[in-house]
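K.L.:
Protein chains in written order, with the numbering used here: chain A, 72 to 849; chain B, 94 to 385; chain C, 321 to 477. Cβ atoms here follow ideal geometry from the backbone N, Cα and C, with glycine treated the same way.
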Amino acid sequence: MTTSTTKGESTGVKERTKPEYTIVGKSVRRIDSIAKVTGASKYSTDFYLKGMLHAKILFSDRPYARIVDIDASKALALPGVKAVVTGDDAPDNRYGVYLEDKIILAKGAVTYVGDRVAAVAAVSEAIAEQAVELIEVTYEDLEPLLDTDAALAPDAPELHPDLADYDAGFPYIRYGNVCMEAELARGDVDSAFAGSDVVVEQTYRTGAINQAPIEPHACVAGFDHRGRLTVWTATQQLSVCHAELASALGLSMGEVKVVALECGGGFGGKLKTNLEPLCALLAQNTGQSVRLALTREEEFIAANGRAPFTIRIKLGATRDGKLTASDIDIVADAGAYADHVIGTASHALSSSDGVYRFPSMKVRTRAVYTNNPDYGCMRGYGTIQVNFALEAHMNVLARALGIDPAELRLHNLLEDGDELISRSRVHDVHIRETMETALAQSGYWDKAGSMPPNQGIGIANMVKTVGLLSSAANIHLNEDGTAAITTAAVEIGTGTHTVLSQIAAEVLGIPLSEVSVAVPDSDSTAYDLGSIASRTVFDNGSAVRLAAENLRDKIAGCAAGALGCEVGEVSVSSGRAYVTSNPENGMTLREVAGTSIYGFGGPLVGVGSWNAYKHHDEPVGGGFGEGIYPTFGFGTHVAEVEIDPDTGQVSVLDYTACHDVGKAINPMALEGQIEGAIAQGIGGSLWEEMLVADGRILNPNFVDYRLPTILDMPRVKVSTVEVPDALGPFGAKGIGEHPILGPGPAITNAVSDAAGVSINQIPITPERLATAIDAAAE
Amino acid sequence: MASILEVICPTDIEAVLPILGDSERNPRVIAGGTDLLLQYQHQDGPDLTVIDITGVRGLGEIVEAEDGLRIGAAVCLADIVGSETIAHRIPVLVEGAVVVAGPQIRNLATIGGNVCNASPSADTITPLLVLDAEAQIRSAAGSRVVSLRDFFVGPGQTVLEPGELLESLLIPWPAPGTEAAYTKLSPRRAMDLAVVGVAVALWQAGSGIQTRIGLGAVAPTPLRATVAEDVVNGAVVIDLDLAAEAGAAAAAAVSPISDVRGSAGYRRTMVERLVTRLLLELSERVTKARTP
Amino acid sequence: MEIMLTVNGEALSLAVAPDALLIDTLREAADLTGSKKGCATGDCGACTVLLDGRPVTSCLVLSATAQGKDIVTIEGLADGDNLHPVQQAYVDFGAVQCGYCTPGMIMMTAALLDEEPHPSNDQIKAGLAGNLCRCTGYSKIIDAVNSAALITGEQKE
């Protein structure tokens, strides 16, 4: 049965407990908020060690060139400079996610503007900056490949001649400048299109986007009290950062430690490693601690942003509004290194059904090396690009059919048990409920087709996987009966540590104030994939749930011994362990802890290890490396816009979002995630784009890379559908990325409705819209 | 890479001028600092002596005089926005000042700094041009007055000679019944630089309608579109055709560049449309005000 | 050079270079890392402090020009263990996610409510237009400001 919790404007802390939960389902205040509002939190940029050196990087200023010579003599002669490192000082081994194609510093050639040529460590940042200017590099410029068409041309030079030899986690199809290609199909698209009444085809483009967390990257590498290399950093992936750091330096993982500091936003920009290997190299080289931090300008040049995609899409349908086929070709500009573009290109492929039943499908994806910036990934991970194209094109199809866009969608929705092109099966499908809720809340049926002049309304659906690979957690009982969680799960601002504490508190039957979460470090934690991929509540939450249940069982066992009964006769709740049939006969958790420590059995530690992601038994074929995702979250957005047809400016008047979340463990935190993701989505739909020409980012600053300000954001009407998921902790799914998938197509569809022109590129800048309107008028 | 050797904070203009005239010290005036501090490090050259004029007596005042409003160079944009006098008598200047960046910047940035930085897209300059403002310039040698129309010679370049300081701006009181407005075309509602800026002032004189049209971000300097003004001046009424003709004349008179914020073609088209739009809007306001 | 200024009610004497920016002086010389450096170009507001009562982007203030002035940073807002109503409201209304924009946002809010005790939503937005947040989408920030205004507005009466 569906229960729809309709949420109007957010008005503060709202209690939404189900009768059976004490803390889960409550909008408790986040455990990290007080430190953040008083300025006490220490972020990666606030971490200082006495006597530490300061490092700056010399970036390549050209997209493709052979390095003929590097003369660092003047830099080294500058008083206060302690070291200059170049590719000669860095290990030869390549490392990386998906494909191991990266090196710490460029060797022999630079392949993008922003490639790392050298780094300086000096006694102050000012001296390090001066020293960087004094390094003289002689380049021999080569003809760069500045877009994917050039890189795909048959005679294009190979940017990675050793591509076939790179280690990888999966045997990707690779050739020329294609670092990954995959293809999946179902049915027979050719005959399906032939039998369709309407076939529409278009090419869509999405812009290069910067994650732009307000906290720039920074880290400190030094040595702990035993002289062991240690790196303090803000990361979304503690364990992955640790493994990659060791791999990059040619060390075993035990020879280096990573400590996670407070993180001022990630959004996919603080994955695996970024500055850490280079910073650690300088620490090794100088024997001193070193701080390496990026300016905002360097954030644009040196970051791994969301790659621009080109998506050609062809959809077919019969007159009655039934979808027949889709043919999609995805090309992702990977830039100089593969980084996460392989993952996003693949995930675009696996997301290409959207929320619809396509009887026949043919989808191909390629990630292509160019001499453009080293793109990576951002919230939305490939799904965002293909969902934009698919959802925008569904409206084009609807128009061609003469059917309302929402009707067309309702007519073709996925249902429980359907198999996607990726061979994952969907379950707990609530797309129809999110559609009905969003349509009702927005007043869509009254507005569609009768908006005032220059106003438009647009709908978009979305779905994203939830659950990826594995997580672990320990919880132990302190002597005073409070519980301490140790986990590699990092708090990047989404509320993860608060949600994990709520889960633990609920299972153990103790107040939230009696649960602590450790500052994650790699020594004391087992593997966790990270705060990415909308997985923290589902995967980390499950690991904590398992650990808490394990601890609860051990508490019951210890209490049973102390109380002289069977373990099955003991309940653990309200801060006590007691005989269920005689509650007065019990002990406080403090007493249980004391008994375990001083009496018998030993300290009580609960352990949880979790992985709900499965690999396919048989290869799916076509170079496709993804497995079976545990679950999926669905959503629907409706946007209303007003345009100025003379200038092309767009105002978002109203925005409605409904998401299928399973269970909101902390409703206020969940709502905040939805509102924030929508803001990022709106930014990428209207204002944000890294403009790249000749391989250079032309707008590496916050004046011309335009984040939405408070004046630009509409009030968002958020509602949720909460039907417990089969697998998630307390029925929770995930939400981190789902809402960012909506604004691109919802706003595109609304603007197209308002302007009467078709739109095939985001961001819809005023100039692009005005140009499209003027062209259509001719 | 230039650096700052010395920071001096005088309280009297007589203390400023000798330092400003001493070229050996490479003096630079700082008021709000919101442009200088972003620019000086990218400039090659000798190290600077920076003179902070925000504490100089008289430079931070707004004075109503008989011939007009005198605004000291060090008056910050927030104070312009908050001035009842300016809101009441020269509201178009508020329209320009209030769209500069955000509130924190406006608490630092000054009108003198915005004018002397001489960016073609500066939001206070375009309104000042249609207000026919005058720059009062001081040096150790004396003072001179330059019409703002003649003040700018190139992007970031003014007629100020070494040793000269912009002391104040004089804005003649607008003719009775003047309606004026400033439109800043930008993608976001705050924090952007203008892609195109258009200011128009309109009033009824004995000889017919009079107008001044100022344009920003479409030429090496902010400018008055005098050819477009000539189309309108003396007209009895502004109808759509006349407004469109003036818009076209304004568009023909500009030389925009293509850059990250917009193409030349788009800017030119926007000049035409926004000038037309503002002329019609203001003409309606003038008519309404005159009709009892 | 040596400058004397008041920071969070305390008279400080700090050694600063002529080109030192106030944000760096506060974070390093005065060891007040609560104010953040998000862009160093005045475009994000994360470095906002009160300078003689006015909210400014401290990344665009030369420390030398702050001589003799009164500065309040996020660390100076609470009264001992008692959070300022704005701080408490941000906590209560979920207006803090990663928290990096938060100190600047809170300082700007405090200044806004001091100037405008009963702001409309439009006035709140105009007041916070110079503070970028990448996490929240601003909705809960507006809720927090409205809630804080009920308390600070009363206190002013």
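Under DSSP, the beta strand (DSSP E) around A/Gly657 begins and ends at which residues?
P.N.:
For the purposes of this step, residue 657 of chain A is taken as residue 586 along the first sequence, with counting starting at 1. A/Gly657 -> beta strand (DSSP E) spans 653-659.
K.L.:
Do you know whose CA, among B/Val347, B/Ile183, B/Glu159, B/Leu224, lies nearest B/Val289's CA?
P.N.:
Your numbering for residue 289 of chain B matches position 196 in the second sequence. It is B/Val347.
K.L.:
Would you call the stretch 241-249 of chain B and the stretch 208-218 of chain B touching, i.e. three or more CB-CB distances under 8 Å?
P.N.:
Yes, the stretch 241-249 of chain B touches the stretch 208-218 of chain B.
K.L.:
From the DSSP output, which residues share a beta bridge with B/Gln297?
P.N.:
Locating residue 297 of chain B in the second sequence gives position 204, counting from the first residue. Paired residue(s): B/Ile302.
K.L.:
Is it a yes or a no for the stretch 433-447 of chain A touching the stretch 600-620 of chain A, going by three-plus beta-carbon pairs under 8 Å?
P.N.:
They do not touch, by the three-pair rule.
K.L.:
Write down every uninterrupted run of the alpha helix (DSSP H) in the stretch 211-243 of chain B whose length is 4 residues or greater and which is fully enclosed by it, in chain order.
P.N.:
218-223, all fully within the stretch 211-243 of chain B.
K.L.:
Scan the stretch 772-788 of chain A for residues whose Cβ lies nearer than 9 Å to a Cβ of chain B and list them as they occur along the chain.
P.N.:
The stretch 772-788 of chain A vs chain B, Cβ under 9 Å: Phe773, Val774, Asp775, Arg777, Leu778, Pro779, Thr780, Ile781, Leu782, Asp783.
K.L.:
Using the C-alpha atoms, what's the distance from B/Thr362 back to A/Tyr700?
P.N.:
Reading the first sequence from its first residue, position 629 is the one you call residue 700 of chain A. Reading the second sequence from its first residue, position 269 is the one you call residue 362 of chain B. Roughly 51 Å separates the two Cα atoms.
K.L.:
Please classify B/Ile106: does DSSP put it in a helix, a strand, or coil?
P.N.:
As a position in the second sequence, residue 106 of chain B is number 13, starting the count at 1. The answer is helix: DSSP assigns B/Ile106 an H, G or I state.
K.L.:
Would you call C/Lys460 buried or exposed, if buried means 16 or more other Cβ atoms sit within 10 Å of its Cβ?
P.N.:
Within the third sequence, the letter at position 140 stands for residue 460 of chain C. With 16 or more Cβ atoms within 10 Å of its Cβ, C/Lys460 is classed as buried.
K.L.:
Answer with buried or exposed for A/His411, where buried requires no fewer than 16 other C-beta atoms within 10 angstroms of its C-beta.
P.N.:
Translated into positions along the first sequence, residue 411 of chain A becomes position 340. Buried, because 16 or more other Cβ atoms sit within 10 Å of the Cβ of A/His411.
K.L.:
Rounded to whole angstroms, how far is the Cβ of A/Thr219 from the Cβ of A/Val537, which I believe are closer than 8 Å?
P.N.:
The residue given as residue 219 of chain A occupies position 148 in the first sequence. The residue given as residue 537 of chain A occupies position 466 in the first sequence. About 31 Å; that fails the 8 Å criterion.
K.L.:
Please report whether the beta-carbon of B/Val353 lies at a distance below 7 Å from any beta-carbon of chain A.
P.N.:
Residue mapping note: residue 353 of chain B aligns to position 260 of the second sequence, counting from 1. Taking Cβ atoms only, chain A reaches closer than 7 Å to B/Val353, which makes this a yes.
K.L.:
Report the option in A/Gly453, A/Val329, A/Ile474, A/Asp398 whose CA atom is closest to the CA atom of A/Gly392.
P.N.:
Position 321 of the first sequence, counting from 1, holds the residue named residue 392 of chain A. Residue A/Ile474 is the option with its Cα nearest to A/Gly392.
K.L.:
Can you check the stretch 162-245 of chain A for any alpha helix (DSSP H) of at least 4 residues that lies completely inside it and give the ranges in chain order?
P.N.:
Here the runs fully enclosed are 196-205, 219-223.
K.L.:
Is A/Ile198 closer than 7 Å to A/Gly151 when the C-beta atoms are compared?
P.N.:
As a first step, residue 151 of chain A is located in the first sequence; it is residue number 80 there, counting from the start. As a first step, residue 198 of chain A is located in the first sequence; it is residue number 127 there, counting from the start. Cβ distance < 7 Å, so A/Gly151 and A/Ile198 count as in contact.
K.L.:
Just the Cα atoms here: how many angstroms apart are A/Ser595 and A/Gly325?
P.N.:
Residue 595 of chain A sits at position 524 when you count from the first residue of the first sequence. Residue 325 of chain A sits at position 254 when you count from the first residue of the first sequence. The straight-line gap from Cα to Cα measures roughly 11 Å.
K.L.:
7 Å is my cut-off, CB to CB: does A/Ser112 come that close to chain C?
P.N.:
By one-based count along the first sequence, residue 112 of chain A stands at place 41. Judged by the 7 Å Cβ criterion, A/Ser112 is in contact with chain C.
K.L.:
Got a sec, what are the start and stop residues for the alpha helix (DSSP H) A/Ser876 sits in?
P.N.:
Residue 876 of chain A lies beyond the stretch modelled for chain A, which goes from 72 to 849, so this question has no answer here.
K.L.:
Taking DSSP as the reference, what is the three-state secondary structure of A/Ser645?
P.N.:
In the first sequence, residue 645 of chain A corresponds to position 574, counting from 1. Looking at A/Ser645 - three-state DSSP - the assignment turns out to be coil, as it is neither helix nor strand.
K.L.:
Below 6 Å CB to CB, which residues in the same chain sit around B/Asn210 once its five sequence neighbours on both sides are set aside?
P.N.:
Position 117 of the second sequence, counted from the first residue, corresponds to residue 210 of chain B. Taken in chain order, the residues that qualify are Asp128.
K.L.:
Pop quiz: C/Ala449 and B/Gly195 are said to be a contact at Cβ under 8 Å. What is the actual Cβ separation, rounded to whole angstroms?
P.N.:
Numbered from its first residue, the third sequence carries residue 449 of chain C at position 129. Numbered from its first residue, the second sequence carries residue 195 of chain B at position 102. Yes, they are in contact, since the Cβ atoms of C/Ala449 and B/Gly195 sit about 5 Å apart, within 8 Å.
K.L.:
For a contact defined as C-beta to C-beta under 9 Å, what are the partners of B/Asp137 on chain A?
P.N.:
Mapped onto the second sequence, residue 137 of chain B falls at position 44. Per Cβ cutoff of 9 Å: no residues; B/Asp137 is ~11 Å from chain A at best.
K.L.:
What are the residues of the stretch 272-300 of chain B that lie near chain C, defined by any Cβ-Cβ distance shorter than 7 Å?
P.N.:
Those would be Ala283, Met284, in chain order.
K.L.:
Between A/Pro716 and chain B, is any beta-carbon pair separated by less than 7 Å?
P.N.:
Taking the first sequence and counting its residues from 1, one reaches residue 716 of chain A at position 645. Judged by the 7 Å Cβ criterion, A/Pro716 is not in contact with chain B.
K.L.:
Which residue comes first and which comes last in the beta strand (DSSP E) that contains A/Tyr275?
P.N.:
By one-based count along the first sequence, residue 275 of chain A stands at place 204. Start and end: 269-277.
K.L.:
Buried or exposed for A/Pro738, please, with buried defined as at least 16 other CB atoms from any protein chain shown within 10 angstroms of its CB.
P.N.:
Within the first sequence, the letter at position 667 stands for residue 738 of chain A. With 16 or more other Cβ atoms within 10 Å, it is buried.
K.L.:
Does the beta carbon of B/Arg366 sit closer than 7 Å to a beta carbon anywhere in chain A?
P.N.:
For the purposes of this step, residue 366 of chain B is taken as the residue at position 273 of the second sequence. Chain A, which has a Cβ nearer than 7 Å to the Cβ of B/Arg366, makes this yes.
K.L.:
Return the CA-CA distance between B/Glu227 and A/Trp303, expressed in angstroms with no decimal places.
P.N.:
Numbered from 1 along the second sequence, position 134 holds the residue referred to as residue 227 of chain B. Numbered from 1 along the first sequence, position 232 holds the residue referred to as residue 303 of chain A. Their Cα atoms are separated by approximately 57 Å.
K.L.:
Comparing alpha-carbon positions, which option in B/Thr369, B/Val223, B/Ala341, B/Arg305 lies nearest B/Gly327?
P.N.:
By one-based count along the second sequence, residue 327 of chain B stands at place 234. Nearest option by C-alpha distance: B/Arg305.
K.L.:
Tell me the residue span of the alpha helix (DSSP H) that contains A/Val412.
P.N.:
Counting from 1 along the first sequence, the entry for residue 412 of chain A is found at position 341. 412-421 is the span of the alpha helix (DSSP H), which, as asked, contains A/Val412.
K.L.:
Cβ of A/Gly335 less than 7 Å from any chain C Cβ?
P.N.:
Mapped onto the first sequence, residue 335 of chain A falls at position 264. It does; some Cβ of chain C falls within 7 Å.
K.L.:
Who are the near neighbours of A/Glu80 in its chain, counting only those whose CB is closer than 8 Å to its CB and skipping five residues on each side?
P.N.:
Here the question's residue 80 of chain A lines up with position 9 in the first sequence. Because the pLDDT of A/Glu80 is 35, which lies under 50, any placement of that residue in the model is unreliable, and the question is left without a value.
K.L.:
For A/Thr565 versus A/Gln744, is the C-beta distance shorter than 7 Å?
P.N.:
Counting from 1 along the first sequence, the entry for residue 565 of chain A is found at position 494. Counting from 1 along the first sequence, the entry for residue 744 of chain A is found at position 673. Against a cut-off of 7 Å, the Cβ pair of A/Gln744 and A/Thr565 comes out as a contact.
K.L.:
Determine the direct distance from the alpha carbon of B/Glu272 to that of B/Arg378, and round the result to whole angstroms.
P.N.:
To locate residue 378 of chain B, count along the second sequence from 1; it is residue 285. To locate residue 272 of chain B, count along the second sequence from 1; it is residue 179. Those two C-alpha atoms are separated by around 7 Å.
K.L.:
Does A/Asn443 come within less than 7 Å of chain B when only Cβ atoms are used?
P.N.:
Within the first sequence, the letter at position 372 stands for residue 443 of chain A. Answer no: the Cβ-Cβ gap between A/Asn443 and chain B never drops below 7 Å.
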